[in-house]
Each structure stands twice: as structure tokens, then as C-alpha cells.
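Chains as they are written, first to last, in my numbering: chain A, 333 to 666; chain B, 2 to 325.
Every residue, glycine too, gets a C-beta built ideally from N, C-alpha and C.
It should be emphasised that the depicted structure is a prediction, and the values quoted were computed from it without experimental measurement.
Take a look at the structure below.
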């Protein structure tokens, strides 16, 4: 029987997955078109910068370059060609790194994904725990402490928080590295290498994650208090379960639902936030690549990052939907 | 011999910003094994708070039991520490609530929710629980019981949810069952089935039952004795036959008059009781029912009538009845 029920929920999850993937196609098309057009609106092109930097003034050479990069086509044709190329997973060529765009991005993407995952994990763990403590100890000193801390981390700009963390933990205390992803010169591979990366990961994770932890703590607190008022909690108490037992096995899971909802909505902002944090901590993610590419008008890379970033956000949202479905059996996908 | 449940002078007060409110004021009632006592009255008269006081499930703050005793098989629950109460709730007293749909956890299966009672009281381990839950579901007449084990509450009808609640309440064979408006949220046909089920289970196990309702039709069908409450106090107690034959307290008379009788001529309009239950923080000085009472006398406005015994096995608190 359990297998039958699990099977039907598994099928429902597959249906959800298929639906979301189909929905992702027009979404991605929209992302590409809008970003392509926005970039066309910006003044200058990478050709100007390229020729200026290399002091090329020969019109024939410029014309040749224009042809090479397909800039002599009308804009709409460039867009069509770009979309056509994308469908074959060709993101274009980055003159600056002198390699295909996809390659330039894939060098930097893992660092960003690592930072995103660690920040979200931290935000969920700290936020949920703090929210539960605040709700269980409601209107006590603990509740106030959580509220004050949440207010602080919600209000503090992440770049400022990052700098303060560096000042405290790196400069004053000397416990943690100032920036980067690995010790310069290297510490060797294997376990030592992984630990070295984790060591470098702590501060950027705090700087990015605590903002979200603050939000989750507030949402979790109010959600816990709200669920604790519901009828089924009284039923659980009438069964003879202790307060803690009721909190853990009845209130918590129901109270998590709003947190999961906002988690899905915020995936995009976590990615955007990591761009800022990366520049504070010289984290070698796509944030620094994006910044460099925008200032050098390296539009193929900018577009590529937008497209891949959207893919990451869409994938994360699908994952969140699946988690939501697992948490709440009432969600049926029509 | 000690009765399964004997409540004496139970008083529960709500301590709020707007002052103290006596939600339950000196309530006494006794229930014998196999007996059903109905607790009747309008919304806000303290029925549910009385039940929650007995279970010690009141939210504190604002509510606190300020006096009286609740003897369950001779042991006073009011003074017991919370850890001991945990072992009693669900084991020696079961409780069923009004809205079965919202009284079940929406994200947990039926099996887990029932098994939880069994395991909390050490009746069974995880492995044996499933078989016992299946048995319980069949006992409460759940259609297609085996298939419902893994169902979630939203996949069941209101009547089926209430059967799950009942299975939970009787899982550990409690000696006392409190049913707080168990049929109010259900369709009429389902109501009848649930009432019949409760009566059958009670007769089989010899449980003492407190049945809270505002529906006098349900009272006539289920109860042996009736306690009528108004503004936190007991105003009348009688056997169910005596109560319907000769209601004494003007409030009881009003309640019965306000109950529609099938087949009665259309011209006989239902007699409503004018006014509303007074808010607990603004109770009148004398009898709480005086402002709405048809037989009110000057004395009622200053003095509160005590319970008197106009006949053996009958109690009423009314000056007008005393005078005859």
C-alpha cells in the first residue's frame, strides 16, 4: 500500500517536472530576447573597445572584424542567429578570454554555484532554527534577541557586512582569509585543498547568507506561531504528546511551507547578491566575470551569463517546487 | 465505588487585558461508566472551555483553572504535574473535536496520526502499529480501511475524518471520552452515522462520555443526562426525559422552544430567546440570564440564584422556579 501511494506521488512529481521544463522554454526565449535588446540599447560595442585598446585604425581591418563577429547584420538577424546558435549550445566567442563563451563561463560558474548553495544552506539552517527558538520562547529575551539580530542582518547592506567581516575576522583576528577561493601558491589537492576552499568560503557565505537567514527567521517565527494556533495542534496535544514533540512533529513541517515558498522566489536575488559579494571577497565566480565583461562591452559573455543564470534560477525553482510537493501532499499538479 | 469522572466546583478564569473573566464558574458534574452526559448551551457559554479545563489543554495564559477538582477514576487531574498529564491525555481520556477536517494534520498520513497515540503511550512499537491502526479503522467503520491507511486528510470526506478522529480518541481504550460538538461540522446523514458509531463504541467499552453540543435534537438522541450551561455556570441538570418533558429553567425552556420540530405547523413561529449571551467581562450582577429572561423578577437583578433540588436527581438555579 505504501508503495502504491509513494508511486502515485512519484508520478505526480514527474508530471510536475515535465510541466515545469515545458514552461521553461518560452521563459528562456523571453530572457534571451529581452537581454539581447537591452544590450543593443547600451552605447558602444566591444568592437570599439577592442580597436581602441589595440590601436587599430585601418578601416579594412575594422570591417573585417565587424564581419567576423557578425556585427554587419541587422539587429534582428543577429538575434535570430544568436538564438539559432544557442539551440546548438553555442554561446558565441569571447575575444577577451580568447575562448568560447561557454568555456569562459564554465570556469567561473562552479565557484558561484558553491557560494549560492552554501549561502542558502546557511540561511535555511540558521533562519529556521532561530525562527523556531523565537516562536517557542515567544515574548522572552530569546525572542527579542532573534528579532534584533534579524533586523540588523536584514538592514545591513551585504557589501558593508562583507567588509566588516573581513575587518573583524581577517584583519583584526586573523582567523580567516581576506578573499579569494584558495591560498595563493596552493596547499596541494585532496582533502587539504577542499578544506582550504571551505576556509575561504566561510566569510562570503556569512555575508550573503545572513541576510536571507534574517528573512527566514522572521517568516518562520510568525509561521510557527500561526500553525501552533491551528486545530490539529490541539488534537496532537490531546493525544498526550509533549509540547516539544508536538512542535517538532506537527508544527514544524507545516510551518516550513511559507519559507520554502519565499526560497523559490528569492533564488534569482541570491544569484544577483552573489555578484556583489564576489567582488568584495574577490571570489572567482561569474560575478567578477560579469563585471569585467560589462565594462569591456564583452556582450557575448554578458548574454551567456544571463542565459545560464536564468537556467540556474529555473532549475533551483523546479527543485523548490519538488520539495514543496514532498512537504505538502495537498499540492496536486493539474 | 468511584465514578470514572467527577468534576467538582471547577472554575476557570481568563486573565486578559480587559479584566478577569470567569469562563467556567463552579461547574460540577459526574459521569458514570457507560453513561452519556450532554453539556448544552449557546456559543460562548463555557462548554468547550469546561472540556479543555478537564483535559488541562487550556492555553495558559490567558486561561487558568482557579479552583475545584477533576477526579478521573479517583485521581485529581487539576493538581497533577504536566508530565503525568501527558500519560493521561489520549490514554485515559480521549477527546474528539468539532471540525474533523482541520483537527487532523494535513501533511501526515492517517496511519501515522493514529499510530502516534499508540506509540506515545507505549502500547505498540512501530512495526505492530500498522496492523492495530487498520483494526481501529475497521472498528470505526471506515469504508475501505486498508486503502485509507496511507491517505492524507484532504483525500477523505468530513465524515471519514471524524472517524479517524474517533479511532484516535479510542485507540488506547480510555475510560472517559469527551466529544466536543463532534457532529456540528458534518452533513445531517453523516451526523446520524457518527452518533450511532459513538453510541456503539461507548456501549461496547463502557466508556463514560461527555457530549458537548448546542443541538438539542442530538441531545435527545444520545444523552442520558443533560447539564445546561449559561455564562459559565450550570443552570439546570436533569435526566434527558425529564428535561424535555418539563424543562424548568427559563433558559432551557427557551432553548427547547427555539428547536424546530418537524411537522409542526408553519404558523407556529420558532420562539427565539431575545438578546445574546452577555460578554464574560460584563456579566450582570444578579442572574446572568435575567436581562433575557421572560420570568425575570426584581430579585433576579441583584442576587444570583444558587442550585436547588426541586425533585430528586434534578438541579436548577432559578428564583422563579423556587417560587413555583
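Inclusion of residue 621(A) and residue 436(A) in the CB contact set at 8 Å is warranted, their separation being smaller than that value.
At a beta-carbon threshold of 8 Å, the residues of chain A lying near residue 106(B) are 564, 567, 568, 582, 586, ordered along the chain. With contacts defined by Cβ atoms closer than 8 Å, residue 237(B) and residue 297(B) do not form a contacting pair. Taking residue 182(B) as the centre and dropping the five residues before and after it, the same chain places the C-beta of 99, 213, 214 closer than 7 Å to its C-beta, in chain order.
Annotated as proximal: residue 245(B) and residue 221(B), with beta-carbon spacing under 8 Å. If you draw a straight line from the Cα of residue 33(B) to the Cα of residue 473(A), it comes to about 48 Å. In the DSSP assignment, residue 242(B) falls outside any beta strand (DSSP E) and within the unbroken alpha helix (DSSP H) covering 241 to 246.
Chain-order list of chain B residues neighbouring residue 660(A): 107, 108, by C-beta distance under 8 Å. It is roughly 7 Å from the alpha-carbon of residue 71(B) to the alpha-carbon of residue 6(B).
Chain A has a Cβ within less than 8 Å of the Cβ of residue 91(B). In chain order, 634 place their CB closer than 8 Å to the CB of residue 626(A), counting only its own chain and leaving out the 5 sequence neighbours on each side. Interface criterion met: the Cβ of residue 574(A) is under 8 Å from a Cβ in chain B. Chain order gives the chain B residues near residue 571(A) as 90, 91, 117, 118, 121, 169, where near means a beta carbon separation below 8 Å. Nearest Cα to residue 117(B) within the set 313(B), 169(B), 203(B), 277(B): 169(B). At a cut-off of 8 Å between C-beta atoms, residue 140(B) does not count as an interface residue with respect to chain A.
Across the region 271 to 284 of chain B, no CB contact with chain A closer than 9 Å is found for any residue.
Taking each of 4(B), 15(B), 232(B), 109(B) in turn and checking the Cα distance to residue 286(B), the smallest one comes out for 232(B). DSSP places residue 518(A) outside both helix and strand once states are collapsed to three, so it counts as coil.
Counting along the chain, residue 141(B) sits inside no alpha helix (DSSP H), nor does DSSP assign it H or E at all.
The three-state secondary structure of residue 198(B), taken from DSSP, is helix.
Interface annotation, residue 208(B): not in contact with chain A, CB-CB separation never under 8 Å.
Residue 56(B) is positioned such that its CB atom lies closer than 8 Å to that of residue 179(B). Cβ-Cβ distances below 8 Å link residue 546(A) to 459, 481, 482, 483, 484, 485, 486 in the same chain, with the five nearest sequence neighbours on each side left out; the list follows chain order. In the displayed model, residue 22(B) falls within a strand according to three-state DSSP.
Bounds of any beta strand (DSSP E) do not take in residue 510(A), whose DSSP letter is neither H nor E.
Taking C-beta atoms under 8 Å as the contact rule, residue 632(A) and residue 376(A) fail to qualify, at a distance of about 15 Å.
DSSP, read as helix, strand or coil, puts residue 396(A) in helix.
Distance from the CA atom of residue 239(B) to the CA atom of residue 247(B), rounded to whole angstroms, is 10 Å. Beta-bridge partners assigned by DSSP to residue 432(A): 425(A). The shortest C-alpha to C-alpha distance from residue 443(A) to any of 529(A), 520(A), 605(A), 517(A) is the one to 529(A). In this structure, residue 102(B) and residue 162(B) form a Cβ contact; the two beta carbons are roughly 5 Å apart against a cut-off of 8 Å. The way I'd put it, the region 342 to 355 of chain A doesn't touch the region 380 to 397 of chain A; fewer than three beta-carbon pairs between them come closer than 8 Å. Between the C-alpha atoms of residue 456(A) and residue 543(A) there is a straight-line separation of about 11 Å.
Under the three-state reduction of DSSP output, residue 48(B) falls in the helix class. For residue 293(B), there is no enclosing beta strand (DSSP E), as DSSP marks it with neither H nor E.
A residue is called buried once 16 or more other Cβ atoms fall within 10 Å of its Cβ, and residue 122(B) is buried on that count.
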